[in-house]
Amino acid sequence: QTELCPGTLLQYCEEYGPLSEWQVQTFLWDMLQGLRHLHDRNLLHMDIKPANIFVSSTNVCKLGDFGLMLELDSGDLRDAQEGDPRYMAPELLRGEYTKAADVFRCGM
1 QTELCPGTLL QYCEEYGPLS EWQVQTFLWD MLQGLRHLHD RNLLHMDIKP
51 ANIFVSSTNV CKLGDFGLML ELDSGDLRDA QEGDPRYMAP ELLRGEYTKA
101 ADVFRCGM
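For the sequence shown, position 89 (counting from the first letter as 1) is numbered 89 according to UniProt numbering, and the numbering increases by one without interruption.
Dropping the structure here:
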């Protein structure tokens with residue numbers, strides 16, 4: 001089911017300022033649940049950043065923008081350095097595609 005989210009995490013932070021510790025924990029939990037859903041299906045998001053995390057009207061974070069999504073072990077040899085370099089896991093510089101790289105981006 002598709003849900004309309006009024007904005008992104010980036011917009012939320014621009015409007016309301018820095019997140020509280022509680023908000024960080026809650027939003028991170030939401031993002032990790034979304035990642036678990038993808039990773040259980042052997043998919044990597046590859047472009048997690050505040051502009052690609054949507055905040056619902058009930059303040060639940062949802063992953064979006066799956067344009068760079070990759071099936072792990074698919075043989076897809078695209079450039080591992082696609083996406084925003086500010087949120088890139090170090091192993092991507094070596095061309096290593098891992099689920100951990102997505103988790104790293106959540107923490108950035």
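Virtual Cβ for every residue (Gly too), placed ideally from N, Cα, C.
Residues bridged to residue i (per DSSP)
{"i": "C13", "result": "Looking at the DSSP assignment, C13 forms no beta bridge with any residue, so it has no partner."}
{"i": "I48", "result": "Bridge partners of I48: none, in fact."}
{"i": "G7", "result": "V55"}
{"i": "C61", "result": "V55"}
{"i": "L32", "result": "For L32, which the question treats as bridged, DSSP gives no partner whatsoever."}
Length of the line joining the Cα atoms of residue i and residue j
{"i": "M88", "j": "G107", "result": "11 Å"}
{"i": "H39", "j": "Y16", "result": "31 Å"}
{"i": "L44", "j": "E3", "result": "21 Å"}
{"i": "L35", "j": "E14", "result": "24 Å"}
For residue i, three-class secondary structure by DSSP
{"i": "T98", "result": "coil"}
{"i": "F66", "result": "coil"}
{"i": "E21", "result": "helix"}
{"i": "V55", "result": "strand"}
{"i": "E91", "result": "helix"}
{"i": "L72", "result": "coil"}
Rounded distance between the beta-carbons of residue j and residue i, thought under 8 Å
{"i": "Y12", "j": "V55", "result": "5 Å"}
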